[in-house]
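Step one of this worksheet: look at the structure below.
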């Protein structure tokens, strides 16, 4: 069995008035989450708007985090692109710096491609990475990509690349699928992306989570991710978040806790939620986590 992965925060990315990455605020948020018990920060994931962050920007962010004293072994880099070349360049750069893992999503522009095509894409990325390929967590988030990673495809990747594909982040939100994945691939690091299923998944052998909720309730999510402890408050608040576009809603909650409106900005094509929606969401959070609200 793999060692316990624990909790990684799917770190949100703050933007200034010119839509440039606000590095100081981002690093401060990463430090807060690590200090609160997260074992690592995941940069450039879905919550971090990774598909809207270019390769040169990624290099600047990674360099800034390392210069700030955040160890590479505490950094996971998301790669959310369609081109094999771009995927290999982005993953290779992070791996060359010593990143703990790469969170690698399948290509998503072409739909209905089937397991064979997706397998060939991952295979091509690993071939381009060559000796650098290691510690890849494949990312199943079909609500965004519309390209599901099936249990059988994950098995093919694990068999073909046993020293490369070491984990799966399952953000399907489909408990029967998650349960079947846990049963079939207990030799992999299975991470639960939907916090409503997190504690139950950990009790069945899941290794933890890469969590957007960890941006604002890291200590509570850690108990779910590491101990399999149920938390009805978190499960209820996920239901509230899903009433809004998720990434702007998560950033609104970071703004609520830090009292810093820089977190409200998102990059196109995303649009910030309205002030009224922010207030509604903040009230819902305070009602559930009154003792922990900022």
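Numbering (the working numbering), first residue to last: 492 to 785. All C-beta atoms in this analysis are idealised placements derived from N, C-alpha and C, irrespective of residue type, glycine included.
Item                                                                                                                : Value
Distance, residue 597 Cα to residue 573 Cα                                                                          : 7 angstroms
N-terminal and C-terminal residue of the alpha helix (DSSP H) that residue 791 is part of                           : The question about residue 791 has no answer, for the chain in this structure spans 492 to 785.
Segments of 3+ residues assigned as beta strand (DSSP E) that fall wholly inside the segment 504 to 562             : 531 to 534
Limits of the unbroken beta strand (DSSP E) element including residue 689                                           : Here residue 689 belongs to no beta strand (DSSP E); instead the alpha helix (DSSP H) covers 689 to 694.
Residue from 698, 636 and 506 whose Cα sits closest to the Cα of residue 537                                        : 636
Residue 590 classed as buried or exposed, judged by whether at least 16 other C-beta atoms fall within 10 angstroms : buried
Enclosing alpha helix (DSSP H) for residue 580 [first to last residue]                                              : 575 to 587
Helix, strand or coil at residue 493 according to DSSP, with G and I counted as helix                               : Per-residue confidence for residue 493 stands at a pLDDT of 45, beneath the threshold of 50, marking its modelled position as unreliable; the derived number appears in the next sentence. Correct three-state label for residue 493: coil.
Inter-residue spacing [alpha-carbon to alpha-carbon] between residue 578 and residue 549                            : 12 angstroms
Counted within 10 angstroms of its Cβ, other Cβ atoms place residue 781 as buried (16 or more) or exposed           : exposed
Which of helix, strand or coil DSSP assigns to residue 722                                                          : coil
Those residues which DSSP pairs with residue 701 across a bridge                                                    : 499
Coarse secondary structure for residue 753, derived from DSSP in three states                                       : helix
Cβ pair residue 661, residue 672 closer than 7 angstroms                                                            : yes
For residue 564, the nearest candidate out of 580, 575 and 530 (CA to CA)                                           : 530
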